[in-house]
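Converting from the sequence shown to our numbering requires adding 128 to each position, the first position being numbered 1.
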Amino acid sequence: MLTREDNELMTRVGPGTPMGEMIRQYWTPVMRSSDLPDRDSSPERIRLLGEDLVILRDTSGRVGLMAENCSHRGCSLFYGRNEEDGIRCIYHGWKYDVTGQCVDQPNEPAASNFKTKVRQRAYPCIEAGGMIWTYMGPRETPPPLPDLEWMSVPESHRRLTPFQRNCNWVQALEGDIDTSHLYFLHGRLNPDDPPYMGVWHTDKHPKLEVVPTNYGVVYAANREEDPETTYWRVTQFMFPIHTLFPGYPDGTVPGHIWVPMDDYHTIVWTVQWNPVTPMLQLTGPTGAMARGGSGVGEFLPKGADGLSWWQPELNRSNHYGQDRTAQREKTFTGIPTIPLQDQAATESMGPIYDRTQEHLGTSDAMIIRVRRRLIRAAREFRDLGVTPPGVDNPEWYRVRTTSATLPKGADWLDQLEEWLNARSNEIPEAKLRVPG
Numbered sequence: 129m130l131t132r133e134d135n136e137l138m139t140r141v142g143p144g145t146p147m148g149e150m151i152r153q154y155w156t157p158v159m160r161s162s163d164l165p166d167r168d169s170s171p172e173r174i175r176l177l178g179e180d181l182v183i184l185r186d187t188s189g190r191v192g193l194m195a196e197n198c199s200h201r202g203c204s205l206f207y208g209r210n211e212e213d214g215i216r217c218i219y220h221g222w223k224y225d226v227t228g229q230c231v232d233q234p235n236e237p238a239a240s241n242f243k244t245k246v247r248q249r250a251y252p253c254i255e256a257g258g259m260i261w262t263y264m265g266p267r268e269t270p271p272p273l274p275d276l277e278w279m280s281v282p283e284s285h286r287r288l289t290p291f292q293r294n295c296n297w298v299q300a301l302e303g304d305i306d307t308s309h310l311y312f313l314h315g316r317l318n319p320d321d322p323p324y325m326g327v328w329h330t331d332k333h334p335k336l337e338v339v340p341t342n343y344g345v346v347y348a349a350n351r352e353e354d355p356e357t358t359y360w361r362v363t364q365f366m367f368p369i370h371t372l373f374p375g376y377p378d379g380t381v382p383g384h385i386w387v388p389m390d391d392y393h394t395i396v397w398t399v400q401w402n403p404v405t406p407m408l409q410l411t412g413p414t415g416a417m418a419r420g421g422s423g424v425g426e427f428l429p430k431g432a433d434g435l436s437w438w439q440p441e442l443n444r445s446n447h448y449g450q451d452r453t454a455q456r457e458k459t460f461t462g463i464p465t466i467p468l469q470d471q472a473a474t475e476s477m478g479p480i481y482d483r484t485q486e487h488l489g490t491s492d493a494m495i496i497r498v499r500r501r502l503i504r505a506a507r508e509f510r511d512l513g514v515t516p517p518g519v520d521n522p523e524w525y526r527v528r529t530t531s532a533t534l535p536k537g538a539d540w541l542d543q544l545e546e547w548l549n550a551r552s553n554e555i556p557e558a559k560l561r562v563p564g
């Protein structure tokens, strides 16, 4: 369990908080470029790291992200006019460019230079990999973007889909680094159902090998398939908000980016890419996912508060679509999809779970290690000014995951190193259990 102090440090992300300031040292995804397609279109509200912001694309196509409230008298720039390479406040007409510089004050004397002294809090944005990224930290020259492989593959080889989870970001993230829940939360009752994502392998008690890395932590969960082989599922955590969960037999690498909107709401970016095959050419479950959405179903209409972008229709208010008959006869939960099953489990803990009440076991080794690294990095940055892991090392992020069946006793790190470090496109073999 964590102390109350450590739980607060780890979960709070607003301005001035140790974890929030550490996360601000990195580039953070905001939305897809396609979510903001048109120049001079209406600005949008969005909350990131506890800050209420507006985002817009100006006349020249540049993206601007800035504080919502005008520096003059605090009127919301969400209602402003996005025109002629800037956003103009509807209250007194003050106008700001995408850097936050005030460029016009029509209610001030023509000879006044007051506008040159006013700057709206704004954050630089870059578009890469189909995403809009922002840097909310203090550096005048931001660090490089992380060299995530999915950002450099052809667009046809990747898929980005969002949804919102109404709980703290760490609480949401920890589901990806918890392998032992797969057999239960995502399990089916009929042992002859076809295997999917490795969750119906017969061994419910995975053994974990947890290895610290320069960019975070990697672990492999192994289950004995038969006397001759071991089934390995490799998962990555990359500072500060990236996870990759075990890859699929066709070479697809799935992951998530856990973007804190505030302490209680998280944007979950589902990232899938295949370094070998275009996504729409894939067959089976992976191909179905590539042609589908985020796995949570339809979304509610976007709200006006900056906090309701991708809210699933199936949510706590309707029990995530749980079917009790299906729970008795078909699946462990009766909740229709894997993402919704995760959604129900993590949101049901409350906005921020009181981790002083936990009782962690051996299967929670990865969770324990990741928490320790996050807390230590935040403290070292706050107290000693130590640059958090990976901020200035984009090459560290070029990693993958996999699921593979290896001879019993084989060293998984040695056998899978070339694939895991994206140096080879030879897909590791995963011999899934055949029904019956």
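Ideal Cβ positions, reconstructed from N, Cα and C, are used throughout, including at glycine.
Note that the coordinates shown come from a computational prediction; the quantities given were computed from them, not determined experimentally.
Contact annotation: Q471 and V424 have beta-carbon atoms nearer than 8 Å.
DSSP places F291 inside the beta strand (DSSP E), whose first and last residues are R286 to R293. Residue state for Q233 is assigned as coil, using DSSP reduced to three classes. Shortest Cα-Cα distance from H200 to any of Q233, P252 and T380 involves Q233.
Rounded to whole angstroms, the separation of the alpha carbons of A349 and D542 is 15 Å. As DSSP reads the structure, I395 sits in a beta bridge with Q292 and V387.
Between P388 and Q400, the C-beta gap is not smaller than 8 Å, which leaves the two residues out of contact. Here the alpha carbons of N446 and E457 stand approximately 21 Å from one another.
Annotation for R160: the continuous beta strand (DSSP E) segment containing it runs W155 to R160. The residue among E211, E196, C253 and G144 with its C-alpha nearest the C-alpha of V158 is C253. Classified as exposed, A432 has fewer than 16 neighbouring CB atoms from the shown chains inside 10 Å of its CB.
Within the same chain, Cβ atoms closer than 8 Å to the Cβ of E283 are found at G258, the five residues on either side in sequence being excluded. For E508, the secondary structure class from DSSP, reduced to helix, strand or coil, is helix. Assignment of beta-bridge partners to L181 by DSSP yields I174 and A195. Leaving aside the five residues that flank E486 on each side, the residues in its chain whose CB is nearer than 6 Å to its CB run, in chain order, M129. The Cβ neighbour count for R267, taken over all protein chains shown within 10 Å, is under 16; the residue is labelled exposed.
By the C-beta criterion, the segment 391–405 is judged to be in contact with the segment 290–300, since at least 3 inter-stretch pairs fall below 8 Å. A distance below 8 Å separates the beta carbons of A250 and G192. M366: member of the beta strand (DSSP E) spanning T357 to M366, first to last residue. Contiguous alpha helix (DSSP H) elements confined to the segment 222–272 do not occur, taking only those with 4 or more residues. In the assembly as shown, Q409 is an exposed residue. Its beta-carbon has fewer than 16 other beta-carbons within 10 Å.
Taking C-beta atoms under 8 Å as the contact rule, T371 and I305 qualify, at a distance of about 6 Å. In the displayed model, F206 falls within a helix according to three-state DSSP. Remark: C-beta atoms of P274 and P522 approach each other more closely than 8 Å.
The count of Cβ pairs closer than 8 Å, one atom from the segment 360–375 and one from the segment 527–537, reaches three, so the stretches are in contact.
Judged by DSSP in its simplified three-state form, H370 adopts strand. Burial of V345 is indicated by the presence of at least 16 other C-beta atoms within 10 angstroms of its C-beta. In this structure, the straight-line span from the alpha carbon of T307 to that of N342 is close to 22 Å.
Here G214 is actually not in contact with Y207; their C-beta atoms are around 15 Å apart, not less than 8 Å.
Secondary structure note for G415: its alpha helix (DSSP H) is the uninterrupted segment G412 to R419. DSSP, reduced to helix, strand and coil, places Q439 outside both helices and strands of the structure shown, so it counts as coil.
Taking the Cα positions, T156 is about 5 Å away from W261. Within the segment 454–523, the complete alpha helix (DSSP H) segments of 4 residues or longer fall at 466–475 and 493–512, listed in chain order. Under the three-state reduction of DSSP output, T405 falls in the coil class, being neither helix nor strand.
In this structure, the beta-carbon distance from P290 to S422 falls below 8 Å. With respect to the C-alpha of M494, the residue from I395, F373, R316 and W437 having the closest C-alpha is F373.
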